[in-house]
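Q:
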Amino acid sequence: MQTLYITHPECRLHEMGDWHPESPFRLDAINDHLISSGLQGLLEEREALPATEVDILRVHSSKHLEYLRKMSPAEGYAELDPDTIMNPHTLSAAFAAAGAGIVAVDAIMKNEAHTAFCSVRPPGHHARPGQAMGFCFFNNLAVTVAYTLEKYGFKRIAIIDFDVHHGNGTEEMFNSDARILMCSIYQDAIFPNVYAQNAGSNMVNIGVPANTGGETLRDIVETRWMPQLEDFQPEFIFVSAGFDGHRDDMLGGLNMHESDYAWITERLVKLADRTAGGRIVSFLEGGYDLSALGRSVAVHIKALAKL
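For the sequence shown, counting from 1, position 175 maps to 260 in the numbering used here; every step adds exactly one.
1) Excluding sequence positions up to five away, which residues of its chain have a Cβ less than 8 Å from the Cβ of G338?
2) Quickly, what does DSSP pair E63 with across the bridge? List them, please.
3) Ignore the nearest five residues each way along the sequence and tell me which others in P260's own chain have a CB closer than 7 Å to its CB.
4) Is it a yes or a no for the region 344-355 touching the region 377-389, going by three-plus beta-carbon pairs under 8 Å?
5) Leaving out five residues before and five after D374 in sequence, what residues of the same chain have Cβ atoms less than 7 Å from its Cβ?
6) Relative to the ligand NAD, is the shortest distance from any of its heavy atoms to the C-beta of H250 smaller than 7 Å?
7) Tell me whether W310 is buried or exposed, calling it buried when 16 or more other Cβ atoms sit within 10 Å of its Cβ.
8) Applying the 10 Å Cβ sphere with the 16-neighbour rule, what's the burial state of Y162?
9) Shortest alpha-carbon distance to V354 belongs to which of H342, L389, H251 and L378?
10) Between the alpha carbons of T200 and A326, how many angstroms are there, rounded?
11) How many whole angstroms separate the CB atoms of T88 and V205, which I take to be in contact at a CB cut-off of 8 Å?
12) Bridge partners for F202 per DSSP, in chain order?
13) For the alpha helix (DSSP H) containing C96, list its first residue and its last residue.
14) Between the C-alpha atoms of H211 and T137, what's the straight-line distance to the nearest angstrom?
15) Given this structure, state the Cα-to-Cα distance separating Y237 from A181, to the nearest angstrom.
16) So L266 is in the beta strand (DSSP E); what residue range does that whole segment cover?
17) Cα-Cα, which of R364, L134 and A189 is closest to C96?
18) Please classify H331: does DSSP put it in a helix, a strand, or coil?
19) DSSP puts N278 in a beta bridge; with which residues?
20) Exposed or buried, what is R131 when buried is set at 16 or more other beta-carbons lying within 10 Å of its beta-carbon?
21) T255: buried (16+ other C-beta within 10 angstroms of its C-beta) or exposed?
22) On a Cα-Cα basis, can you pick out the residue from F368, G372, G371 and E315 that is closest to A361?
23) According to DSSP, simplified to helix, strand and coil, what is E164?
24) Does DSSP classify M341 as helix, strand or coil?
25) Would you list, in sequence order, the uninterrupted beta strand (DSSP E) runs of no fewer than 3 residues that lie entirely inside the region 177-239?
26) When the Cα of S177 is compared with those of I291, P94, G372 and S367, which residue comes out closest?
27) Who does T169 pair with in a DSSP beta bridge?
28) Helix or strand or just coil, what does DSSP make of S147?
29) Return helix, strand or coil for N290, following the three-state DSSP convention.
30) Give the DSSP bridge partners of S325, in chain order.
31) To the nearest angstrom, report how far apart G102 and S157 are at their CA atoms.
32) Using DSSP with H/G/I as helix, E/B as strand and the rest coil, what is G298?
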């Protein structure tokens, strides 16, 4: 059964200035590497459907949505903070990115696929219920998880985040929700340095120092994540797939390699096969060295597709 590759043309039109590392060229780098590696023809590509206002408001406040609509510029740029900037296409791109996972979940629940990769931007895991930050406007993964919980009634959903930056927005949205187990690894003492107050027992979020490499990552997965994931027995797995922990990436200080991303994905696929009917939806988060990003996403998708 094919792995879905979900994207939308608007995701390439959102941009925050020539200087900004979170650029449309990220999607081009991924697409180019999928072509050169021969993976593109093995995936079923689908276009995202924009999330609805109802979808957004399951995890975001109405004031947040109203603020983004108010700030959306007719031309030029609108700065929400020094790193998080809107152009005339940003809001439509954000709705498309937030809807990509919903398309993936519905297809998986119709047994049209087991896994999906959402190649979308803007990314999402820093977006808080009432605040855009860290290049993120809507929390794409959280929108999808909330939809999945409501529509399909799952009782146990795992969220995995291996971006170099802590997924503070996702943590805040699902802290102490017994239906969710969130496991993440990230570089400590860098952006965003914001954590949920009184983090619940459903949060297995582990900061590591700069220069941590793949061997330590794998040990954390095996000794800290997997025992809790095995006890939890997730029925669906969602992944915030950030590749800015790669040793070549300028925005992080970890020492990971694309082989580490392949390994962790293979580990999650095996877990999903045992407990979740193989169901995994992954979302692009960070990753700013274009060559490293293309290579890392390719091995991630290859593992999702069992190729």
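All C-beta atoms, glycine included, are put in the ideal place defined by N, C-alpha and C.
A quick note: this is a predicted structure, and the numbers were derived from the prediction, not measured.
A: Judging by the given coordinates:
1) Translated into positions along the sequence shown, residue 338 becomes position 253. The residues are V249, Q272, I275, A295 and N296.
2) Nothing can be reported for residue 63: it is not among the residues displayed for the chain, which extend from 86 to 392.
3) Translated into positions along the sequence shown, residue 260 becomes position 175. What sits at residue 260 in the sequence shown is Asn, not Pro. If you ignore the 5 residues before and after N260, its C-beta comes within less than 7 Å of the C-beta of A281, A284, G285 and M288, all in its own chain and listed in chain order.
4) The answer is yes - the region 377-389 touches the region 344-355, with three or more Cβ pairs under 8 Å.
5) For this step, residue 374 is matched to residue 289 along the sequence shown. For D374, where only same-chain residues beyond five positions count, the Cβ hits under 7 Å are H331, D333, D334 and M335.
6) Absence of the ligand NAD is noted for the structure shown, with no ligands found whatsoever.
7) Within the sequence shown, numbered from 1, the residue matching residue 310 stands at position 225. W310 should be labelled buried.
8) Translated into the one-based positions of the sequence shown, residue 162 becomes position 77. Result: exposed.
9) Within the sequence shown, numbered from 1, the residue matching residue 354 stands at position 269. Among H342, L389, H251 and L378, the Cα nearest to that of V354 is on L389.
10) On the sequence shown, position 115 is the one that residue 200 refers to. On the sequence shown, position 241 is the one that residue 326 refers to. The C-alpha of T200 lies about 14 Å from the C-alpha of A326.
11) Here the question's residue 88 lines up with position 3 in the sequence shown. Here the question's residue 205 lines up with position 120 in the sequence shown. Not a contact, Cβ separation roughly 15 Å.
12) What you label residue 202 is simply residue 117 of the sequence shown in a count that begins at 1. Beta-bridge pairing links F202 to Y90 and S367.
13) For the purposes of this step, residue 96 is identified with residue 11 of the sequence shown, where counting begins at 1. Its alpha helix (DSSP H) spans residues E95 to L98.
14) For this step, residue 211 is matched to residue 126 along the sequence shown. For this step, residue 137 is matched to residue 52 along the sequence shown. Cα to Cα, H211 sits roughly 20 Å from T137.
15) Along the sequence shown, one-based indexing puts residue 237 at 152. Along the sequence shown, one-based indexing puts residue 181 at 96. Using only the alpha carbons, I get a separation of about 21 Å.
16) Against the sequence shown, residue 266 aligns to sequence position 181. Taken as a continuous stretch (DSSP letters only), the beta strand (DSSP E) holding L266 covers I265 to Q272.
17) Position 11 of the sequence shown holds residue 96. Per the Cα distances, L134.
18) What you label residue 331 is simply residue 246 of the sequence shown in a count that begins at 1. Collapsing the DSSP output to three states places H331 in a strand.
19) Residue mapping note: residue 278 aligns to position 193 of the sequence shown, counting from 1. Note: N278 sits in no beta bridge, so no partner.
20) Here the question's residue 131 lines up with position 46 in the sequence shown. Burial of R131 is indicated by the presence of at least 16 other C-beta atoms within 10 angstroms of its C-beta.
21) One-based indexing of the sequence shown puts residue 255 at position 170. T255 comes out buried.
22) Position 276 of the sequence shown, counted from the first residue, corresponds to residue 361. Out of F368, G372, G371 and E315, E315 has the C-alpha closest to the C-alpha of A361.
23) Position 79 of the sequence shown holds residue 164. E164: strand per DSSP, three-state reduction.
24) Taking the first residue of the sequence shown as position 1, residue 341 is located at position 256. M341 falls in the strand class under three-state DSSP.
25) DSSP runs (the beta strand (DSSP E)) wholly in the region 177-239: 200-203.
26) Translated into positions along the sequence shown, residue 177 becomes position 92. Among I291, P94, G372 and S367, the Cα nearest to that of S177 is on P94.
27) Within the sequence shown, residue 169 is the residue found at index 84, counting from 1. Looking at the DSSP output, T169 bridges to D166.
28) Locating residue 147 in the sequence shown gives position 62, where the first residue counts as 1. Here S147 sits in helix by DSSP.
29) Residue numbering aside, residue 290 sits at position 205 when the sequence shown is read from its first letter. The three-state secondary structure of N290, taken from DSSP, is strand.
30) One-based indexing of the sequence shown puts residue 325 at position 240. DSSP output for S325 lists D246 and F368 as bridge partner(s).
31) Here the question's residue 102 lines up with position 17 in the sequence shown. Here the question's residue 157 lines up with position 72 in the sequence shown. Answer to the nearest angstrom: the Cα atoms are 15 Å apart.
32) Position 213 of the sequence shown, counting from 1, holds the residue named residue 298. In the structure shown, G298 falls within a strand segment according to DSSP collapsed to helix, strand and coil.
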